[in-house]
Amino acid sequence: MNLCMIGTGYVGLVSGVCFADLGNKVYCLDKNKEKIKILKSGKSPIYEPGLDELIKKNYSVGRLIFTTDLNKAISKSELIFICVGTPTKKKSQNVDLSFVYNAVKEVAKSTKKRKLIITKSTVPVGTGDELDQILKKLKSNNIDVISNPEFLREGEAIRDFRFPDRIVVGSDKKKYFKVMKKIYQPLLNKGAKFFTTSRRGAELIKYASNAFLATKITFINELANLCEQTNIDIGDIALGMGSDTRIGGRFLRAGPAYGGSCFPKDTKGLVSTGNKFKTDLTIVKSVIKSNENRKKIHTQKIKKILGSCKNKKIAFLGVTFKPNTDDMRDSTSLKMIPHLSKLGAKIKYYDPTGEKNEFKHLKNCIFEKNIKENCKDADLIILHTEWDEFKSIDFKKINKNKRLKIFDLRNLFNVNEMKSRKIEYYSIGRQSFK
Ligand SMILES: NC(=O)c1ccc[n+]([C@@H]2O[C@H](COP(=O)([O-])OP(=O)(O)OC[C@H]3O[C@@H](n4cnc5c(N)ncnc54)[C@H](O)[C@@H]3O)[C@@H](O)[C@H]2O)c1
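Each residue of the sequence shown is one higher than the one before, counting from 926 in this note's numbering.
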């Protein structure tokens, strides 16, 4: 089939490339000319393992077309996937749907032919109904809108696309389930579940899933605080709880506040949907509050470890919100690093995905190109992101400071091993060694 992905960001690009790999011809459309230029050179503008290879493979045989030409992309495509961003509005917790509205208006203006718009972007309950109204006003009666929320995770996006737990399709017109089943059939053949519901139902499933996962993370993070006060290892609690199949062990790893491009904005989005429909979602509200507070807990802990931060050398290992992605959106480091810089700390950071624009303007904050340079003269090393290359660092080798301190936000190292090596070691929900 011929498909068009409007928006070639983390979702649109990965799903577009994967649909092409399944044998479809895919028009990847974006307004951002720079992105399209990079893609046309055969490279990926984002860091996602395995993506470069798939782009090259499918671009070279003509199954992928990267373009800024909306009219061409729409006229050639039977299915149009909306994959544009849906960030939180600046002045409220409401979802900014302007990119979605604009994309749909542009489609309507470019064609009078029969088309199906499929919303992959995460949109609040009722957005499909609003899009119907927009299309009606533009007299685009030939265009229908259905919902197909995306559940892929950055860093594992290709695997998640190919082996999804479920594919959710929401439509109030049953005929479209057939169309969607056809496009996803290769994945269904490998065991993915195909779940159909109303359009509003599909919209809510996405928010409910993300809010539930954010709740699980926040729950274990709060318990980690309790473990630190009671000398219990949070790892034991997570394992003991998670072995109960009713609970499940995933998303029970204590760490920094949850971040990234989805959980922070989607929890807020769900609360604002609740408000719109006069439903008080108290659990989700508490999760948002607890997660915000968590960022402060970490900086308070750092102040306690160092006494004063003034002129102290702090080395961050990793700054992205999780490993295997270059995405910085809502990463805890965005709160921690500026705060520590304000307190007078001298900060260096290393991340496998390179220097970040977000820190360029900060005083006393520099990017180092390798782990050793980054850590060699630090007073405190903060393990912020769980990249594989940090898991076997020999700290004594790369730092000669006899009073080196480590704050491990990901519990990557064994407390007793650190003790035996006489490294002052702090982690999450576990005993500290001073
Ligand atoms: N990032 C994830 O891990 C993830 C996972 C599941 C769902 N989602 C949801 O998917 C949606 C997209 O997220 P993302 O992270 O890929 O966003 P993104 O910001 O990486 O990409 C959005 C792209 O859309 C382009 N764009 C905006 N308006 C356009 C228009 N009218 N025409 C053409 N291009 C346009 C932008 O230039 C940008 O490249 C969001 O709703 C998000 O919540 C994201």
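Glycine residues also receive a C-beta, built at the ideal position from the N, C-alpha and C atoms.
* To do: Could you pull out every residue in the same chain whose Cβ sits closer than 6 Å to the Cβ of N1299, ignoring the five residues on either side in sequence?
  => Start at 1 with the first residue of the sequence shown, and residue 1299 comes out as number 374. Cβ neighbours of N1299 beyond the five flanking positions: A1240, K1273, Y1275 and E1293.
* CB K1201 to CB P1049, shorter than 9 Å? -> Working through the sequence shown from its first residue, we reach residue 1201 at position 276. Working through the sequence shown from its first residue, we reach residue 1049 at position 124. Taking 9 Å as the Cβ cut-off, K1201 and P1049 qualify as a contacting pair.
* To the nearest angstrom, how far is it from the Cα of P1189 to the Cα of N1339? -> As a working mapping, residue 1189 is identified with position 264 in the sequence shown. As a working mapping, residue 1339 is identified with position 414 in the sequence shown. So the alpha carbons of these two residues sit roughly 30 Å apart.
* Hey, is V1196 close to ligand 1, as in C-beta under 8 Å from one of its heavy atoms? -> Position 271 of the sequence shown holds residue 1196. No, since every heavy atom of ligand 1 falls outside the 8 Å radius drawn around the Cβ of V1196.
* Identity of the residues DSSP links to S1072 by a beta bridge -> Working through the sequence shown from its first residue, we reach residue 1072 at position 147. Answer by DSSP bridge pairing, in chain order: T1044 and G1095.
* Asked: Can you name the residues that DSSP bridges to R1240?
  -> In the sequence shown, residue 1240 corresponds to position 315, counting from 1. Here residue 1240 is Ala; the residue named in the question, Arg, does not match the sequence. Paired residues: K1273 and I1306.
* Hey, would you say the C-beta of R1078 is under 8 Å away from at least one heavy atom of ligand 1? -> Along the sequence shown, read from residue 1 onward, the residue named residue 1078 stands at position 153. Yes.
* Through-space distance from G1194 to Q1018, alpha-carbon basis -> If you number the sequence shown from 1, residue 1018 lands on position 93. If you number the sequence shown from 1, residue 1194 lands on position 269. Roughly 7 Å between the two C-alpha positions.
* **Beta-carbon spacing of I1262, L1287 below 9 Å** => As a first step, residue 1262 is located in the sequence shown; it is residue number 337 there, counting from the start. As a first step, residue 1287 is located in the sequence shown; it is residue number 362 there, counting from the start. Yes, the pair counts as a contact, with Cβ atoms nearer than the cut-off.
* Assign T1155 to buried or exposed, taking buried as 16 or more other Cβ atoms, counted over all protein chains shown, within 10 Å of its Cβ. => Position 230 of the sequence shown, counted from the start, is the residue given in the question as residue 1155. Classification for T1155: exposed.
* **Own chain partners of K1115 with C-beta closer than 7 Å, once the 5 adjacent residues on each side are dropped** => One-based indexing of the sequence shown puts residue 1115 at position 190. F1088, listed in sequence order.
* Count the CB pairs spanning the region 1312–1321 and the region 1155–1169 that are closer than 8 Å, and state whether there are at least three. => no
* What are the boundary residues of the alpha helix (DSSP H) that N1135 is part of? -> Here residue 1135 refers to the residue found at position 210 of the sequence shown. Where N1135 is concerned, the enclosing alpha helix (DSSP H) stretches over R1124 to T1155.
* **Proximal residues to T1198 (C-beta, below 6 Å), its chain only, five neighbours per side dropped** => Counting from 1 along the sequence shown, the entry for residue 1198 is found at position 273. Excluding residues within five positions, the ones whose Cβ falls inside 6 Å are P1049 and V1050.
* Name the DSSP beta bridge partners of N927, please? -> Walking along the sequence shown from the start, residue 927 turns up at place 2. DSSP, once it has assigned bridges, lists K950 as partnering N927.
* Asked: Cβ of F1086 within 8 Å of any heavy atom in ligand 1?
  -> Mapped onto the sequence shown, residue 1086 falls at position 161. Flag unset: Cβ of F1086 not near ligand 1.
* Around the C-beta of V986, are 16 or more other C-beta atoms found within 10 angstroms, so that it is buried, or is it exposed? -> The sequence position of residue 986 within the sequence shown is 61, counting from 1. V986 is exposed by the Cβ-count criterion.
* Could you pull out every residue in the same chain whose Cβ sits closer than 6 Å to the Cβ of K1330, ignoring the five residues on either side in sequence? => Translated into the one-based positions of the sequence shown, residue 1330 becomes position 405. Closer than 6 Å at Cβ, skipping near neighbours: I1230, L1305 and E1349.
* **Contiguous alpha helix (DSSP H) assignments of at least 4 residues, all confined to the region 995–1071** => 995–1001, 1023–1035 and 1052–1062
* Asked: Since Y1350 sits in a beta bridge, which residues does DSSP pair it with?
  -> In the sequence shown, counting from the first residue as 1, residue 1350 sits at position 425. Beta-bridge pairing links Y1350 to I1331 and F1358.
* Span of the beta strand (DSSP E), counted from its first residue to its last, around I990 -> Stepping through the sequence shown from its first residue, residue 990 is reached at position 65. Note, I990: beta strand (DSSP E), L989 to T992.
* Could you check if T933 is buried or exposed, using at least 16 other CB atoms within 10 Å of its CB as the buried criterion? => As a first step, residue 933 is located in the sequence shown; it is residue number 8 there, counting from the start. T933 should be labelled buried.
* Would the region 940–949 and the region 1020–1028 be scored as touching if the rule is three or more Cβ pairs under 8 Å? -> no
* Asked: Any contact of the region 1040–1059 with the region 1116–1129, i.e. 3+ C-beta pairs under 8 Å?
  -> yes
* **Distance cut-off 8 Å: C1300 Cβ against heavy atoms of ligand 1** => Indexing the sequence shown from 1 puts residue 1300 at position 375. Not so, every heavy atom of ligand 1 lies at least 8 Å from the Cβ.
* Would you please state the rounded distance, in angstroms, between the beta carbons of F1102 and I1043? I believe it to be under 8 Å. => As a position in the sequence shown, residue 1102 is number 177, starting the count at 1. As a position in the sequence shown, residue 1043 is number 118, starting the count at 1. Between I1043 and F1102 the Cβ distance is about 12 Å, and since that is not below 8 Å, they are no contact.
* Measuring from the CB of T1192, is there a heavy atom of ligand 1 at a distance below 8 Å? -> Taking the sequence shown and counting its residues from 1, one reaches residue 1192 at position 267. Not so, every heavy atom of ligand 1 lies at least 8 Å from the Cβ.
* **Heavy atom of ligand 1 within 8 Å of V1093 beta-carbon** => In the sequence shown, counting from the first residue as 1, residue 1093 sits at position 168. V1093 Cβ: outside cutoff for every heavy atom of ligand 1.
* **Where L1234 falls: helix, strand or coil (DSSP)** => For the purposes of this step, residue 1234 is identified with residue 309 of the sequence shown, where counting begins at 1. Contrary to the premise, residue 1234 reads as Cys rather than Leu in this sequence. In this structure, C1234 counts as coil in the three-state DSSP scheme.
* **Cβ neighbours of V1212 in the same chain (closer than 8 Å, five flanking residues each side left out)** => On the sequence shown, residue 1212 is found 287 positions in, with the first residue counted as 1. Contacts found: A1136, A1139, T1140, T1143 and T1192.
* Asked: Would you call P1074 buried or exposed, if buried means 16 or more other Cβ atoms sit within 10 Å of its Cβ?
  -> The residue labelled residue 1074 in the question sits at position 149 within the sequence shown. Buried, because 16 or more other Cβ atoms sit within 10 Å of the Cβ of P1074.
* Asked: Under the criterion of a Cβ to heavy atom distance below 8 Å, does K1015 qualify as lining ligand 1?
  -> Residue 1015 sits at position 90 when you count from the first residue of the sequence shown. Every heavy atom of ligand 1 is 8 Å or more from the Cβ of K1015, so no.
* Taking 8 Å as the line, does the beta carbon of V1050 fall inside it for any heavy atom of ligand 1? -> In the sequence shown, the residue the question calls residue 1050 occupies position 125. Answer for V1050: no, Cβ out of range of ligand 1.
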